[in-house]
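Our numbering applies: residue -2 is where the sequence shown begins, and numbers increase by one. This report concerns only the one structure given below.
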Amino acid sequence: MRQRWRWFDRTVFGSRDAQRRSRRAEEQRSETPHAPRITHHASRITLYLAPSLVIGLGLLYFNYIRYGSFAETGYTQEILFREPWVGAYGLLFSPGRGLFIYSPLLLLLFWGLRPAWRQLPRLYFWLIAALCLGYWLFYGSWFAWGGAWGWGPRFLLPILPLLLLFVAEAISAGEQGTRSGGAEEQGSEKFHASRITFYVLLTLSLAINLLGILVDFNEHFLRLGTNDNFVFNWAVFPPLAHWQILQEGLVDLIWLQSTGLGLAIVWPVLLPALALFVLATINLIITYRGQKEIRNKKKEKPTLQTSRITHHASRFILHAKRSSFILLLLTLALTCLILRGTAQVGQAGEQAQADLPVLTTLTNSVRPGDALLVPMPPFGDVQEITTRLMSYLNHPLPTYAWIESDPRAIQPAEREHVWQAVQGQAQRVWLFERWLAQGDPPTQTAIRLNEEAFPLQEQWFEGSGRLTLYALAGQDSSAPTPLGVPFRGADFA
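The structure is reproduced here in structure tokens:
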């Protein structure tokens, strides 16, 4: 009897004690109901936004020192919008910029909308849909929605990962439907047709984008010799043109360079890239198997059939904090090796070797108070020469580069703004006329400098252009003998 009553006391009063403890815990939680949750999410949000905040502040600082305003990005005069339906259609179906033309696999996203609506949280679904539609309609309304020279709809690149979520939902829904249908569903004509459609779209997408990787798209547009009438023109369909260029042997891979004896592999670039790819692949496999094993352990006891890879995967997950730092260092080292090899390949190119004497002259002769002007011919690559200048020169040199003549010539107001900026900050001006031959007429910039400044020295570089040094009016010149070229308008008294 005593044992029964003791059992009764423990049961009744023990449950009462448990109720009291639960009430106390609820009271404590009611005092600060959401503090732990808010703190937890706030720390995650802060960690997520920290890199973007740092980069954003850097961009604002760049805007200020480059344009004199935090809000100016250099595209203020290009905020022009036109009929949205033309660009919206072109970004999806045009032969030059159509998203579904360059990636047919994305057509599956239409079959993934309903499964995504069922599987994803409503807020998450509408957020993804709003971002995709916003990007598409915004750039479809912009006057330059085609993006000039390029491969495919480059303005839609940021939303491709979001669109692939709908593609993944379509594929997942198809697999689940066949599993639930059993052997009869898997043997049906509908099942075989869906699988064939998937593999056809996947093969087309891989083949089209492989052509974009193997061939430099600039080669195609240089052969066209025009900057318009190629977006909706099937006669100059870029993938077909790239296939023709590829048959000529013009391959544009940084680790595969053409020589007099054929194609040669650049191992300092390829080996670390392959090592980084293998490392990333192994890491994904181990992480996936480790997480799968952990989920299985929660459902059932481990068996003797666990493989070695799965066993090492669980150990890797348990010791991830120790190995993550080593993997991070190894990834950074491989990335640095790739960048070093890539830079060496770029410097060994024919154009880079032609530009090397120009860069050497500037490095040895530039002094504080100098500025560099680089007028480019039509369709010249401004980013190429300016990047090479900034990476090669040892001393900071304010550089202004633009397209000199039509059809993409610098506007008169922009030219005057550059001239006023140079006069306000420079004592001497270096003029590098890109790809100018000795028989060519002088550029507009050279004509103006010859009229309003004092030419000090001039050098011609074969395959690169002409480099001329000028002293601005009212500035002291260190050159003993000026060049005998036409000059008027400056007062050095």
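The beta carbon of each residue, even a glycine, is placed where N, CA and C say it ideally should be.
What's the C-alpha gap between residue i and residue j?
| i | j | result |
| --- | --- | --- |
| Asn60 | Ala418 | 16 Å |
| Leu162 | Leu77 | 32 Å |
| Ile156 | Pro452 | 51 Å |
| Pro101 | Leu159 | 16 Å |
| Ser138 | Glu69 | 21 Å |
| Gly421 | Tyr64 | 14 Å |
| Leu237 | Tyr99 | 12 Å |
| Thr357 | Asn226 | 41 Å |
| Val363 | Ala423 | 12 Å |
| Gly287 | Asp367 | 60 Å |
| Gly338 | Pro354 | 22 Å |
| Leu334 | Ile282 | 25 Å |
| Gln456 | Leu207 | 43 Å |
| Leu54 | Ala204 | 40 Å |
| Leu110 | Thr278 | 30 Å |
| Leu46 | His38 | 12 Å |
| Thr194 | Gln173 | 17 Å |
| Arg192 | Ala170 | 13 Å |
| Val233 | Gly209 | 15 Å |
| Ala126 | Leu56 | 28 Å |
| Lys289 | Phe322 | 24 Å |
| Ala406 | Ile400 | 5 Å |
In or out: residue i buried (at least 16 other Cβ within 10 Å) or exposed?
| i | result |
| --- | --- |
| Thr465 | buried |
| Ser66 | exposed |
| Ser40 | exposed |
| Trp148 | buried |
| Ser388 | exposed |
| Ser49 | exposed |
| Pro235 | buried |
| Gly84 | buried |
| Leu190 | Here residue 190 is Ala; the residue named in the question, Leu, does not match the sequence. With fewer than 16 other Cβ atoms within 10 Å, it is exposed. |
| Tyr196 | exposed |
| Pro112 | buried |
| Pro150 | buried |
| Leu301 | Legend: pLDDT at Leu301 = 48, less than 50; position of this residue unreliable, value from coordinates given subsequently. That one is exposed. |
| Leu433 | buried |
How about residue i and residue j: are their beta carbons less than 8 Å apart?
| i | j | result |
| --- | --- | --- |
| Gly431 | Pro372 | The sequence given here places Arg at residue 431; Gly does not occur at that position. Cβ atoms of Arg431 and Pro372: closer than 8 Å. |
| Gly93 | Val212 | no |
| Phe458 | Ala351 | yes |
| Leu89 | Leu96 | yes |
| Arg412 | Ala468 | no |
| Ala167 | Trp108 | yes |
| Leu267 | Leu331 | no |
| Ala217 | Ile251 | This sequence places His at residue 217; Ala is not what is there. The answer is no: Cβ separation not under 8 Å. |
| Gly71 | Gly143 | no |
| Leu336 | Trp427 | no |
| Val164 | Leu103 | yes |
| Ala410 | Val379 | no |
| Tyr132 | Leu153 | yes |
| Val342 | Val263 | yes |
| Ala470 | Ala450 | yes |
| Leu260 | Leu271 | no |
Could you tell me which of the options sits nearest to residue i, measuring between CA atoms?
| i | options | result |
| --- | --- | --- |
| Gly257 | Gly246, Ile251 and Leu250 | Gly246 |
| Glu80 | Trp123, Leu221, Tyr136 and Pro112 | Tyr136 |
| Ser320 | Ala443, Leu221 and Leu276 | Leu276 |
| Ser402 | Ile62, Gly84, Phe376 and His239 | Phe376 |
| Ala145 | Leu103, Leu221 and Thr332 | Leu221 |
| Glu75 | Ile444, Ala141 and Arg445 | Ala141 |
| Pro395 | Thr383, Leu433, Ala410 and Trp133 | Thr383 |
| Leu369 | Glu347, Trp416, Ala345 and Leu325 | Trp416 |
| Asn280 | Leu327, Ser255, Leu253 and Gly436 | Leu327 |
| Leu329 | Leu56, Pro269 and Gln454 | Pro269 |
| Pro404 | Leu390, Glu381, Pro374 and Asp378 | Pro374 |
| Gly346 | Asn391, Leu324, Ser461 and Ile52 | Ser461 |
| Gln408 | Leu44, Leu260 and Gln441 | Gln441 |
| Pro365 | Pro439, Ala349, Gln348 and His392 | His392 |
For the alpha helix (DSSP H) containing residue i, name the first residue and the last one.
| i | result |
| --- | --- |
| Glu430 | Note, Glu430: premise wrong, no alpha helix (DSSP H); beta strand (DSSP E) at Arg425 to Arg431. |
| Tyr397 | Per DSSP, Tyr397 belongs to no alpha helix (DSSP H); it is in the beta strand (DSSP E), Thr396 to Ile400. |
| Leu453 | That residue, Leu453, is in no alpha helix (DSSP H); its beta strand (DSSP E) goes Ala450 to Phe458. |
| Ser191 | Glu186 to Leu211 |
| Ser100 | First-last for Ser100: undefined, no H or E at that position. |
| Gln350 | Glu347 to Ser362 |
| Leu243 | Pro235 to Gln244 |
| Gln254 | Run containing Gln254: none in the alpha helix (DSSP H); it sits in the beta strand (DSSP E), Leu253 to Thr256. |
| Trp82 | Pro81 to Phe90 |
Could you spell out the range, first to last residue, of the beta strand (DSSP E) harbouring residue i?
| i | result |
| --- | --- |
| Arg463 | Gly462 to Leu469 |
| Asp367 | Asp367 to Met373 |
| Gly259 | Gly259 to Ile262 |
| Leu390 | Segment: none, Leu390 is in no beta strand (DSSP E) and carries neither H nor E. |
Measuring only between beta-carbons, confirm whether residue i sits less than 8 Å from chain C.
| i | result |
| --- | --- |
| Ala410 | Note that chain C does not occur in the displayed structure, where there is just one protein chain. |
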